[in-house]
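Visitor: Quick one: structure below, then a few questions.
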Amino acid sequence: MIHTFQNMGRYFCVDTNSGAVHELDKPACTLLERLTPPLNAEECPADVLAELELGGFDRAELCEIYTELRELEQSGQLFTSDECEAFAASLRPAPLKSMCLNVAHDCNLRCAYCFAAQGDFGTGRELMPLATAKAAVDFLLAHSGNRRNLELDFFGGEPLMNWSVVVDTVAYARSLEPANGKNFRFTITTNGLLLDDEKIAFINLEMANVVLSLDGRRHVHDDMRPTPNGHGSYDLVVPQYQKLVAERQLQDPDRSEYYVRGTFTRKNLNFAQDVLHMADLGFRKLSMEPAVLEEALPFALREADLPAILAEYDRLTEQLATRRDIDFFHFMLDLGQGPCVLKRLRGCSCGNEYCAVTPNGDIYPCHQFVGLEDWRMGSVHTGAWDAQKQAELVRAHLYNKPECRECWAKFYCGGGCNAANVLYRGTLFKPTPLSCELERKRVECAIALAAC
Amino acid sequence: MKHIKTIAPAALKQSAEHGGCGECQASCQSACKTSCTVGNQSCRNDEQRPTENV
Ligand code: SF4
Ligand code: SF4
Ligand code: SF4
Chain E
1165 MIHTFQNMGR
1175 YFCVDTNSGA
1185 VHELDKPACT
1195 LLERLTPPLN
1205 AEECPADVLA
1215 ELELGGFDRA
1225 ELCEIYTELR
1235 ELEQSGQLFT
1245 SDECEAFAAS
1255 LRPAPLKSMC
1265 LNVAHDCNLR
1275 CAYCFAAQGD
1285 FGTGRELMPL
1295 ATAKAAVDFL
1305 LAHSGNRRNL
1315 ELDFFGGEPL
1325 MNWSVVVDTV
1335 AYARSLEPAN
1345 GKNFRFTITT
1355 NGLLLDDEKI
1365 AFINLEMANV
1375 VLSLDGRRHV
1385 HDDMRPTPNG
1395 HGSYDLVVPQ
1405 YQKLVAERQL
1415 QDPDRSEYYV
1425 RGTFTRKNLN
1435 FAQDVLHMAD
1445 LGFRKLSMEP
1455 AVLEEALPFA
1465 LREADLPAIL
1475 AEYDRLTEQL
1485 ATRRDIDFFH
1495 FMLDLGQGPC
1505 VLKRLRGCSC
1515 GNEYCAVTPN
1525 GDIYPCHQFV
1535 GLEDWRMGSV
1545 HTGAWDAQKQ
1555 AELVRAHLYN
1565 KPECRECWAK
1575 FYCGGGCNAA
1585 NVLYRGTLFK
1595 PTPLSCELER
1605 KRVECAIALA
1615 AC
Chain B
1137 MKHIKTIAPA
1147 ALKQSAEHGG
1157 CGECQASCQS
1167 ACKTSCTVGN
1177 QSCRNDEQRP
1187 TENV
């Protein structure tokens, strides 16, 4: 399986099964698109040559290219066959390594697109007691097997609304590191409203990553992210983010990871401007996500918006090519050394290596499954863990999703979002087409930028 | 090669050899977290790393 594409006037080919990526000149890409593997013939097929000659290409050059393409094929870098399915069969339930703690099912903003139904996940406002948070840490340790690096993500709702539990949970987990031979990596996601000097200092000391929500330009942000009394929140959060990031950057570079992240909707299809606005504010690690919503909502992204979104990703790519000081999360791709094929097959590994815990201690495959009763997997209080559900989620790998099997981007994507699949297509095994289109586009942009 | 430059190696299959250790970060695609796909994550397995040979 190969995929050819053009980006920023350059031509690329992904050889899906081997992981090789090639940059070609225009004649080479044009010829490649007309060839059918395997390239058994020593000479370039006459009909293809004739057609391309008519199109103004040079015959001698095409013959030279054909030889190069054959070389690539023979050295296992083009038209390779799929040998990764065997690895999928070997996937087994794995130890837990990552946990999302929903420390607050409550929020002090009323974001229009909130999947958590304004923070309470539709189940009523609730804060996680410290005892539950500690039980969750114990559960993670007990299920982590020989995994050394463990992640604990403080999430919500808005986690700063339950700040003392965040602080005490970090201390508790740290106290257990030496005896258990583990290394905790804490992360937190916040809307910024409750940030103050003390919280900023703690986050910069203890959190390996912090995700700061900002939708970009003031009017875009204020429109989607109002306070309960209907005012915008841009002016309340931006100065705090700037302070946090400035202090973070002064510290150990290993601790300087952060993301200023936004969500775009149908109302700001020109979201590249929002990304650049964040850069203008001084932020360098940025992310802008498509809102995944019921299509009926007025600002939900729809199939019809696709051409505009794809064009906007192109504009963003061009801008970022001239701004190499900016890390745009979705376009980050390590072409030399990415994750192993097993990780690529597993994808997010929710309900297997990753789970989410609600304020009352219930366990779900991930934060997006929270509230879907059928998907409750256990409780940190009783220690219950539904191994059958885990096995079902282990089966939700690339090769068991028919659309993913046929997708050229599968080893970059990992098979989409299982929760979105369940919510919008009723099964783990069918990805949502709009997200897929966007994902494939982002991979193209990422490859083109990596080649710059 | 004159017309083609390989910018990423054919390293997928070999990566299985020392793969699957699980020491890397979880990858989640949802918009409410900073979503990442497996492709934009890095490996934390030292045995895995030396396979760079573009
Ligand atoms: S750390 Fe590397 S080898 Fe281990 S599972 Fe993650 S990607 Fe694979
Ligand atoms: S979820 Fe979509 S983009 Fe991802 S591998 Fe499957 S088909 Fe491809
Ligand atoms: S199911 Fe979706 S939201 Fe949940 S961990 Fe996987 S990618 Fe993230």
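These protein sequence lines are chains E and B, in that order.
Residue numbers are given in the working numbering: position 62 of the first sequence equals residue 1226, and the series is strictly consecutive.
Residue numbers are given in the working numbering: position 3 of the second sequence equals residue 1139, and the series is strictly consecutive.
By construction, the Cβ of each residue, glycine as well, lies at the ideal position given by its N, Cα and C atoms.
Please classify E/A1210: is it buried, with 16 or more other beta-carbons within 10 angstroms of its beta-carbon, or exposed?
Guide: Exposed, because fewer than 16 other Cβ atoms sit within 10 Å of the Cβ of E/A1210.
Visitor: Could you please give me the residues that DSSP links to E/M1263 through a beta bridge?
Guide: DSSP, once it has assigned bridges, lists E/L1316, E/C1519 as partnering E/M1263.
Visitor: With DSSP collapsed to three states, give me the class of B/R1185.
Guide: Confidence in B/R1185 is poor, its pLDDT being 47 and thus under 50, which makes the residue's placement unreliable; the coordinate value appears in the next sentence. B/R1185 falls in the helix class under three-state DSSP.
Visitor: In whole angstroms, what separates the C-alpha of B/G1155 from that of E/Y1576?
Guide: For B/G1155 and E/Y1576, the distance between alpha carbons rounds to 16 Å.
Visitor: Between the stretch 1373-1393 of chain E and chain B, which residues of the former have a C-beta closer than 7 Å to a C-beta of the latter?
Guide: Cβ contacts with chain B: V1375.
Visitor: So E/Q1404 and E/L1359 are in contact, right, with Cβ under 8 Å, and what is the actual spacing, rounded?
Guide: That pair is a contact at about 4 Å.
Visitor: With DSSP collapsed to three states, give me the class of E/R1589.
Guide: Reduced to three states, the DSSP call for E/R1589 is helix.
Visitor: Please tell me whether B/E1188 has its Cβ less than 8 Å away from any Cβ of chain E.
Guide: Bear in mind that a pLDDT of 33 at B/E1188, under 50, signals an unreliable position, so the model cannot answer this.
Visitor: For my contact list, B/R1180 and B/C1160 are in at a C-beta cut-off of 8 Å; report their separation, rounded to the angstrom.
Guide: About 5 Å; that satisfies the 8 Å criterion.
Visitor: Considering only residues of the same chain and omitting the five flanking positions on each side of E/L1408, which have a CB-CB separation below 8 Å?
Guide: Result list for E/L1408: L1359, I1364, I1367, N1368, V1374, L1376, Y1422, in chain order.
Visitor: Closer than 7 Å: is that where the CB of E/N1585 sits relative to any heavy atom of ligand 1?
Guide: No, since every heavy atom of ligand 1 falls outside the 7 Å radius drawn around the Cβ of E/N1585.
Visitor: Is there at least one Cβ from chain B nearer than 8 Å to E/H1167's Cβ?
Guide: Cβ-Cβ to chain B under 8 Å: no for E/H1167.
Visitor: What residue ranges within the stretch 1337-1376 of chain E form continuous beta strand (DSSP E) runs of no fewer than 3 residues, ordered along the chain?
Guide: Correct list: 1347-1354.
Visitor: Using DSSP with H/G/I as helix, E/B as strand and the rest coil, what is E/N1181?
Guide: Reduced to three states, the DSSP call for E/N1181 is coil.
Visitor: Checking 8 Å against the spacing of the C-beta atoms, do E/E1290 and E/H1269 come in under that value?
Guide: In this structure, E/H1269 lies closer than 8 Å to E/E1290 by Cβ.
Visitor: DSSP state of E/A1560, grouped into three classes?
Guide: Reduced to three states, the DSSP call for E/A1560 is coil.
Visitor: Which chain B residues are close to E/A1615, counting only those with a beta carbon under 8 Å from its beta carbon?
Guide: Under the 8 Å cutoff, chain B gives I1143.
Visitor: For E/F1492, which three-state DSSP category applies?
Guide: DSSP places E/F1492 in strand when its eight states are reduced to three.
Visitor: At a cut-off of 7 Å, is B/E1159 close to ligand 1 when judged by its beta-carbon and the heavy atoms of the ligand?
Guide: Flag set: Cβ of B/E1159 near ligand 1.
Visitor: For E/E1341, which residues of its own chain have a beta-carbon under 8 Å away from its beta-carbon, when the five flanking residues on both sides are left out?
Guide: Here the set comprises N1347, F1348.
Visitor: Are E/T1596 and E/A1583 touching if we call contact CB-CB under 8 Å?
Guide: No, they are not a contact pair.
Visitor: Can you find a CB in chain B that lies within less than 8 Å of the CB of E/C1208?
Guide: With 8 Å as the cut-off, E/C1208 does not count as an interface residue toward chain B.
Visitor: When DSSP labels each residue in this structure, what does E/V1505 get in the three-state scheme?
Guide: Helix at E/V1505.
Visitor: So, is the C-beta of B/R1185 closer than 8 Å to a C-beta in chain E?
Guide: Note on B/R1185: pLDDT 47, under 50, position unreliable in the model; the coordinate value appears next. Yes, because at least one Cβ of chain E sits closer than 8 Å to the Cβ of B/R1185.
Visitor: Counting C-beta neighbours from all protein chains within 10 Å, is the total for E/M1442 16 or more, i.e. buried, or is it exposed?
Guide: Buried, since its Cβ has 16 or more Cβ neighbours within 10 Å.
Visitor: Under 8 Å between the Cβ atoms of E/V1534 and E/F1285?
Guide: Yes, they are a contact pair.
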